[in-house]
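Everything on this sheet refers to the single structure shown next.
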Amino acid sequence: MNQPEKDDPVEALLQEQNQYVNDDGFTARVMGALPRRRHGAWVRPAVLLGAAAIGSVLAAWWLPWGNLPPLDWSAVDSLDFQALMPWMSMLLVAASIVWAVVAALQWDD
Amino acid sequence: MTDADLIARVLSREDQNAFAELVRRYQSPVRAFLARMTRGDTHLADDLAQETFVKAWRKLHTYRGGARFSTWLFGIAVNEFRNVARQRKELALDELDDVAPQENQTAADSRSQLHLDLTEALTRLHSGERAAIVLCCQNGLTHEEAAQVLDCPLGTVKTNVMRGKEKLKRWLLGYQDYEPA
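Note that the protein sequences, when read in sequence, are chains W and H. In terms of the working numbering, the first sequence opens at residue 1 and continues consecutively. In terms of the working numbering, the second sequence opens at residue 110 and continues consecutively.
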């Protein structure tokens, strides 16, 4: 732990200049600006997390993971959206689920 | 009543009186720190301080008690200042000219003059040095706590304190004769 250098005039000057700032209504202004705390603030992230979990299960269950056509890299190069559509759909579903989970975990009221 | 007691009351009962007591306890150091960081713009400093306490209210459940409450508050205040400094060029300007503010003066001729010089000299420090000096030398934070507040390595804080004090000594011509009141 750093100790104040008692013999250092600059440090003494700094400490002496550190004067108390009068409240002058500051606390009242802060209290007036406080947002109302929401009861059950955990509900919305919990719902989002639950929805993401259900979405994950449904995606795992219903999406045709086994019937995906092999990824054709030439279609990627040529931006052939029709050929890429099944993979893009899968990617979109996966990204949505990841986003929902992250949003629920980082929920900041 | 300790800070921990007040925080517990806020969290368990949403006790606004307990939070008001926390604001009263820490408004002075937080506002003074932000006034230094904004180079004396007390209106902006008070706006930032108000936002600091509002964020503290909203995020109090994330305070784990591992650090002092003041350290946690200063961390929020630093983030508020950085957010504004990104948008306001005059705050983002780091070090002003590395010359003594009162270069033509042979020596500070009085205690009050020396205090004025110190205020001016602090505004001329690099913002990292100014923050480290104000946190460690005026608010009694350890170097470790300041590193946590400023989200930077411990060595950076130590260097900034040392360099900042060296500059202040160079700029404040009358400081050698200064005797604390």
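Glycine included, every Cβ here is placed at the ideal spot set by N, Cα and C.
Cα-Cα separation between H:Lys-168 and W:Trp-73, rounded to whole angstroms: Here residue 168 of chain H refers to the residue found at position 59 of the second sequence. Here residue 73 of chain W refers to the residue found at position 73 of the first sequence. If I take the Cα positions, the gap works out to 47 Å.
When H:Ala-186, H:Ser-121, H:Pro-138, H:Glu-130 are compared against H:Thr-111, the one with the closest alpha-carbon: Residue mapping note: residue 111 of chain H aligns to position 2 of the second sequence, counting from 1. Taking only the C-alpha atoms, the option nearest H:Thr-111 is H:Glu-130.
Run of the alpha helix (DSSP H) containing H:Tyr-135, from where it starts to where it stops: Locating residue 135 of chain H in the second sequence gives position 26, where the first residue counts as 1. Per DSSP, H:Tyr-135 belongs to the alpha helix (DSSP H) from 125 to 146.
Chain-ordered neighbours of H:Val-258 on chain W, where CB pairs are closer than 7 Å: For the purposes of this step, residue 258 of chain H is identified with residue 149 of the second sequence, where counting begins at 1. Within 7 Å Cβ-Cβ: nothing; H:Val-258 doesn't reach chain W, min ~14 Å.
Buried/exposed call for H:Val-119, threshold 16 Cβ in 10 Å: Counted from its first residue, the second sequence places residue 119 of chain H at position 10. Label assigned to H:Val-119: buried.
Cut-off 8 Å between Cβ atoms - residues of its own chain near H:Lys-274, not counting five sequence neighbours on either side: Stepping through the second sequence from its first residue, residue 274 of chain H is reached at position 165. Answer for H:Lys-274: Ile-242, Cys-246, listed in chain order.
Run of the alpha helix (DSSP H) containing W:Ser-96, from where it starts to where it stops: As a position in the first sequence, residue 96 of chain W is number 96, starting the count at 1. Per DSSP, the unbroken alpha helix (DSSP H) holding W:Ser-96 starts and ends at 81 to 105.
Proximal chain W residues relative to H:Phe-162, where beta-carbon distance stays under 7 Å: Taking the first residue of the second sequence as position 1, residue 162 of chain H is located at position 53. Per Cβ cutoff of 7 Å: Val-30.
Contacting residues, own chain, Cβ-Cβ under 7 Å from H:Pro-138 (five flanking each side not counted): The residue given as residue 138 of chain H occupies position 29 in the second sequence. Cβ within range, chain order: Ser-179, Asn-248.
Inter-stretch contact (C-beta, 8 Å, three-pair minimum) for the region 94 to 104 of chain W and the region 50 to 63 of chain W: yes
Chain W contact for H:Cys-246 (CB, 7 Å cutoff): As a working mapping, residue 246 of chain H is identified with position 137 in the second sequence. Yes, because at least one Cβ of chain W sits closer than 7 Å to the Cβ of H:Cys-246.
Counted within 10 angstroms of its Cβ, other Cβ atoms place W:Val-21 as buried (16 or more) or exposed: Here residue 21 of chain W refers to the residue found at position 21 of the first sequence. So W:Val-21 counts as buried.
Through-space distance from H:Phe-162 to W:Pro-35, alpha-carbon basis: Stepping through the first sequence from its first residue, residue 35 of chain W is reached at position 35. Stepping through the second sequence from its first residue, residue 162 of chain H is reached at position 53. The alpha-carbon atoms of W:Pro-35 and H:Phe-162 are separated by roughly 11 Å.
As assigned by DSSP and simplified to three states, the class of W:Met-31: Here residue 31 of chain W refers to the residue found at position 31 when the first sequence is read from its first residue. In the structure shown, W:Met-31 sits in a helix (DSSP, three-state: H, G or I).
Contacts around H:Met-146, its chain only, beta-carbon distance under 6 Å, and the 5 residues preceding and following it disregarded: Taking the second sequence and counting its residues from 1, one reaches residue 146 of chain H at position 37. Leaving aside the five residues that flank H:Met-146 on each side, the residues in its chain whose CB is nearer than 6 Å to its CB run, in chain order, Phe-190.
Residue from W:Leu-49, W:Leu-84, W:Ser-78 with nearest C-alpha to W:Pro-70: As a position in the first sequence, residue 70 of chain W is number 70, starting the count at 1. Measuring from the Cα of W:Pro-70, the nearest candidate turns out to be W:Leu-84.
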